[in-house]
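Everything below concerns the one structure shown next.
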Amino acid sequence: MRAGILLYAFIHSSRSSTHLAACVACPCAYRHFQSHSGKNILWGHSRWWLIKSVARLGVSGLWGVEFTDFWLGDQFCSLAYSLGNLYFVGCFYTQYPYVSSHANVSSTSESLPYNNTMTALPRFSQTFSLMPRGELLYSADDPTLQKAWLTCGAEMNWGSYFALAMLPFLVRFVQSIRRYKDSKLPTHLINAGKYGMGIVHYFCYYLWRRDGESDGGASFVMWCLAAVVYSLYGCAWDFAMDWSICKPRAKYPLLRRDLVYTSQIPLYYVALVMNLVIRFLWVFYIPSWSYFNLRSFICSLMEMIRRVVWNFYRLENEHLGNMDQYRITRECPLPYSVDNPQQEDEEDEEDKA
Numbered sequence: 001m002r003a004g005i006l007l008y009a010f011i012h013s014s015r016s017s018t019h020l021a022a023c024v025a026c027p028c029a030y031r032h033f034q035s036h037s038g039k040n041i042l043w044g045h046s047r048w049w050l051i052k053s054v055a056r057l058g059v060s061g062l063w064g065v066e067f068t069d070f071w072l073g074d075q076f077c078s079l080a081y082s083l084g085n086l087y088f089v090g091c092f093y094t095q096y097p098y099v100s101s102h103a104n105v106s107s108t109s110e111s112l113p114y115n116n117t118m119t120a121l122p123r124f125s126q127t128f129s130l131m132p133r134g135e136l137l138y139s140a141d142d143p144t145l146q147k148a149w150l151t152c153g154a155e156m157n158w159g160s161y162f163a164l165a166m167l168p169f170l171v172r173f174v175q176s177i178r179r180y181k182d183s184k185l186p187t188h189l190i191n192a193g194k195y196g197m198g199i200v201h202y203f204c205y206y207l208w209r210r211d212g213e214s215d216g217g218a219s220f221v222m223w224c225l226a227a228v229v230y231s232l233y234g235c236a237w238d239f240a241m242d243w244s245i246c247k248p249r250a251k252y253p254l255l256r257r258d259l260v261y262t263s264q265i266p267l268y269y270v271a272l273v274m275n276l277v278i279r280f281l282w283v284f285y286i287p288s289w290s291y292f293n294l295r296s297f298i299c300s301l302m303e304m305i306r307r308v309v310w311n312f313y314r315l316e317n318e319h320l321g322n323m324d325q326y327r328i329t330r331e332c333p334l335p336y337s338v339d340n341p342q343q344e345d346e347e348d349e350e351d352k353a
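All residue numbers for the sequence shown refer to UniProt numbering, where the first residue is 1 and numbers rise by one.
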């Protein structure tokens, strides 16, 4: 319900002279009523669990890492696009709280940053207006919005975009180091290297975006190399560790011996191919034609879908690992054999007879 209210208020605010307060007043009032109503409605315990779990991510490394901590951290790693754009949302609504929908668009068309002859990848101040004006929402032609594209998307601000996007990877890096400290298993250091490579990848990506080089230059080459290494690194870890597939002597090739979803074997191969393809979907950024924002949105959406599929097989592997290590079992094996008392009584009666 709150998500629907926020969506409606956000759309309404872009079509009228509505302040940011209108976007948050109704959800906040609803949340206040819900918190003080004395009733546990709409899964209140689950929301409180989520709040506590997310708060633990902010203090990662101070104590032992549990499954919930690193699993939730992985979810945020697939939200780098959304986290990075939080800066623009905050900048826009603090510096431009009012948007007028009755502005004379034709009088300001000369000042719009969009250029129909643009073919190369634009610099940061231009990347938010790549689509032709005829295909944009009419509110996007508002001069206030166009000024916001230039102000909140200026080159000097993209350090904040990078900091927000790499934050989940930094959290997972710290968690991996803490797990190595507690267990002394070198695999955690290898996992930390994966997230460290993710930070390097996003740094090179934003460096390339800042320089505006579409198909050449040092920043472009650095980003491509970092993206290839990170994609191979992450995909290999997904298959070998998170999913524990590609095992030899498995009943089904490229899978493992024990499977939970035995009635859906083809889906394992679909997930395998999907994970590999989406890991390399960054090549979608390279072409110099327009609609860069649309391509960014599609890539981020596909990454979220990949994470949803990843969750099924990651949790399956965790469950099987718990069973193999007897952390979860119905019958605990004993170090000695247990005879059947009823069978012994029957044997004694036969001997007496």
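Using N, Cα and C, we set each Cβ at its ideal position, and we do this for glycine too.
| Asked | Found |
| --- | --- |
| Are the Cβ atoms of Leu83 and Leu170 separated by less than 8 angstroms? | no |
| Quick one: Cα of Pro186 to Cα of Met222, how far? | 28 angstroms |
| Using C-beta distances below 8 angstroms, list every residue in its chain close to Leu281, excluding the 5 sequence neighbours before and after it, in chain order. | Cys299, Met302, Glu303 |
| What runs of the beta strand (DSSP E), each 3 residues or longer, lie entirely inside the segment 259-283? | none |
| Can you confirm whether the segment 199-211 touches the segment 224-242 when touching is taken to mean that 3 or more C-beta pairs between the two stretches lie within less than 8 angstroms? | yes |
| What does the Cβ neighbour count give for Met166, buried or exposed, with the cut at 16 atoms within 10 Å? | buried |
| Report, in whole angstroms, the separation of the C-beta atoms of Tyr161 and Tyr87, which I expect to be a contact under 8 angstroms. | 5 angstroms |
| Note down the Cα distance separating Tyr195 from Pro335, rounded to an integer number of angstroms. | 42 angstroms |
| Might you give, ordered along the chain, the residues of its own chain that have their beta carbon closer than 6 angstroms to the beta carbon of Val176, omitting 5 neighbours on each side? | Strictly speaking, residue 176 in this sequence is Ser, with Val absent from that position. Only His188, Asn191, Ala192 meet the Cβ criterion. |
| For Ala271 versus Tyr230, is the C-beta distance shorter than 8 angstroms? | no |
| In or out: Leu294 buried (at least 16 other Cβ within 10 Å) or exposed? | exposed |
| With DSSP collapsed to three states, give me the class of Ala250. | coil |
| I need the DSSP call for Trp158, collapsed to helix, strand or coil. | helix |
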